[in-house]
Amino acid sequence: GRAEVEAADAALAARLVLAPRATALPDQPHEQEQPDQPEPPPPSDGDPGQDQERELEDVVLDAARAALPDDLLKRLGAAGGLSRHSGKAAPIAHPTSGRPAGSRRGSPRSGARLNVIETLRAAAPWQRLRATGGAAAAGLIQVRPEDFRIARLKRQGRTTTIFVVDASGSSAFHRLAEAKGAVELLLADCYVRRDEVALVSFRGKTAELLLPPTRSLVRAKRCLAALPGGGGTPLASGIDAAADLADAIRRRGGTPALVLLTDGRANIGRDGATGRTAAESDALVSARRVAAAGLRALLVDTSAHPDPAARRLADGMRAPYLPLPRADAALISRAVRAAAPSSSA
Numbered sequence: 001g002r003a004e005v006e007a008a009d010a011a012l013a014a015r016l017v018l019a020p021r022a023t024a025l026p027d028q029p030h031e032q033e034q035p036d037q038p039e040p041p042p043p044s045d046g047d048p049g050q051d052q053e054r055e056l057e058d059v060v061l062d063a064a065r066a067a068l069p070d071d072l073l074k075r076l077g078a079a080g081g082l083s084r085h086s087g088k089a090a091p092i093a094h095p096t097s098g099r100p101a102g103s104r105r106g107s108p109r110s111g112a113r114l115n116v117i118e119t120l121r122a123a124a125p126w127q128r129l130r131a132t133g134g135a136a137a138a139g140l141i142q143v144r145p146e147d148f149r150i151a152r153l154k155r156q157g158r159t160t161t162i163f164v165v166d167a168s169g170s171s172a173f174h175r176l177a178e179a180k181g182a183v184e185l186l187l188a189d190c191y192v193r194r195d196e197v198a199l200v201s202f203r204g205k206t207a208e209l210l211l212p213p214t215r216s217l218v219r220a221k222r223c224l225a226a227l228p229g230g231g232g233t234p235l236a237s238g239i240d241a242a243a244d245l246a247d248a249i250r251r252r253g254g255t256p257a258l259v260l261l262t263d264g265r266a267n268i269g270r271d272g273a274t275g276r277t278a279a280e281s282d283a284l285v286s287a288r289r290v291a292a293a294g295l296r297a298l299l300v301d302t303s304a305h306p307d308p309a310a311r312r313l314a315d316g317m318r319a320p321y322l323p324l325p326r327a328d329a330a331l332i333s334r335a336v337r338a339a340a341p342s343s344s345a
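Mapping of the sequence shown onto full-length UniProt numbering: residues 1 to 345, in sequence order.
Below you can see the structure in the form of structure tokens.
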């Protein structure tokens, strides 16, 4: 019902129409040193249209950056929940709380709940051998410590989503910004689901645990915003660091899940040596370690085009593969300008 197109309209168009279709884009130039060039002159005050165009492009890019499937973490949960070795969390044994899960031999002195019925069943076959003295004459059942059966209870551990972010320079910096935007969306989803989150990044020659498991959305966003980019891609180290953290979470009874955001192009090996072939081989070994441990995982490909290296990595982890949606902000802004009424009309 409006006569003019506003920035919000372009943002909505990017989210609903262009982002789901954005699978093929021009190749991004490789990073290389450029000769010093004079900075372009600042825009004149008499050209408000140029400022509006720049602002519109930024808004559209942000909106396209946020276009991720709503059920992404639900897919991750469904990807591996069949058994302990398929990614299901280990049950936490607890002496007094949880749902019944059978019984086992043990002593109630530790505070565990005695399962009376199972204890009597264990004692019943031995009554003839134990039928001596006054207890047998009185028809009493003789129960000995080895007959004790205590209730086995278990409760499900809290889910911890570990975000593993490729902050290297193998992809353009705006793709790192888009990856940050994707993580922010998933962080909000984790907060709603009451999940804990952790953040691991890798760049240069090492991986780093930037944020231990926490439920603080503010801390997670602040840590993510301060994440720098550039340097080599020690992909194997990043996956190993996430797998080690996931193993520690499991030992505490939690349910870890990995979300790896990378273009899959490793060039730093596990030993810190440079070399793409060896580095990619190390990364694939680390990915298979994730699969062997039964960890639930999701790989988000942050490259400009869906990359075979990232897909091989996802296959190695037995993880779903998702190319990060991206829309061309300049193309959108040109379409908006063409649809907008002329200023001379």
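Note that CB positions come from ideal geometry on N, CA and C, so glycine has one too.
Predicted model only: the values in this text are computed from it and were never measured.
Roughly how far, in whole angstroms, is the beta-carbon of residue i from the beta-carbon of residue j, given that I think they are within contact range, below 8 angstroms?
i	j	result
Ala167	Arg203	4 angstroms
Ile117	Leu258	Not quite, the Cβ-Cβ distance comes to about 42 angstroms (not below 8 angstroms), so this is no contact.
Arg149	Ser110	Wrong, their Cβ atoms sit about 13 angstroms apart, outside the cutoff.
Lys221	Leu186	That belief does not hold up - the Cβ atoms of Lys221 and Leu186 are roughly 11 angstroms apart, past 8 angstroms.
residue 347	Leu153	Given that the chain is displayed from residue 1 to residue 345, the structure contains no residue 347 and the question cannot be resolved.
Gly275	Ala309	Not confirmed; about 15 angstroms, so no contact.
Leu324	Glu178	6 angstroms
Arg289	Ala243	6 angstroms
If we call anything under 8 angstroms between Cβ atoms a contact, is residue i one with residue j?
i	j	result
Ala293	Asp247	yes
Leu245	Leu299	no
Leu217	Leu199	no
Ala283	Ile239	yes
Met317	Ala278	no
Arg158	Gly231	no
Asp307	Leu322	no
Would you mind working out which of the options sits nearest residue i, comparing C-alpha positions?
i	options	result
Leu210	Pro306, Arg152, Thr302 and Val164	Val164
Gly272	Ala207, Arg288 and Arg128	Ala207
Gly169	Ala287, Leu227 and Glu184	Leu227
Asp195	Thr214, Glu184 and Glu178	Thr214
Thr160	Arg289, Ile249 and Ala309	Ile249
Gln142	Pro125, Leu153, Arg158 and Ala151	Pro125
Asp147	Gly139, Ala177 and Asn115	Asn115
Arg219	Tyr191, Gly231, Arg318 and Ala319	Tyr191
Arg121	Ala131, Arg105 and Pro306	Arg105
Ser107	Pro212, Glu280 and Pro145	Pro145
Ala151	Thr119, Thr262 and Gly139	Thr119
Ser303	Asp9, Val285 and Thr262	Thr262
Lys205	Ala241, Arg130, His305 and Arg252	Ala241
Leu295	His305, Ser281 and Pro320	Pro320
Pro256	Glu280, Ala297 and Ser281	Ala297
Does any residue of chain C bring its CB to less than 8 angstroms from the CB of residue i?
i	result
Asp9	Protein chain content of the structure displayed is limited to a single chain, and chain C is not contained in it.
Return yes when at least one heavy atom of the ligand PLP lies under 7 angstroms from the C-beta of residue i, else no.
i	result
Lys180	Among the ligands in the structure shown, none appear at all, so the ligand PLP cannot be discussed.
Is there contact here, the stretch 261 to 273 with the stretch 230 to 241, by at least three beta-carbon pairs under 8 angstroms?
-> yes
Ignoring anything shorter than 4 residues or poking outside the stretch 230 to 314, list the alpha helix (DSSP H) runs there in chain order.
-> 235 to 251 and 276 to 292
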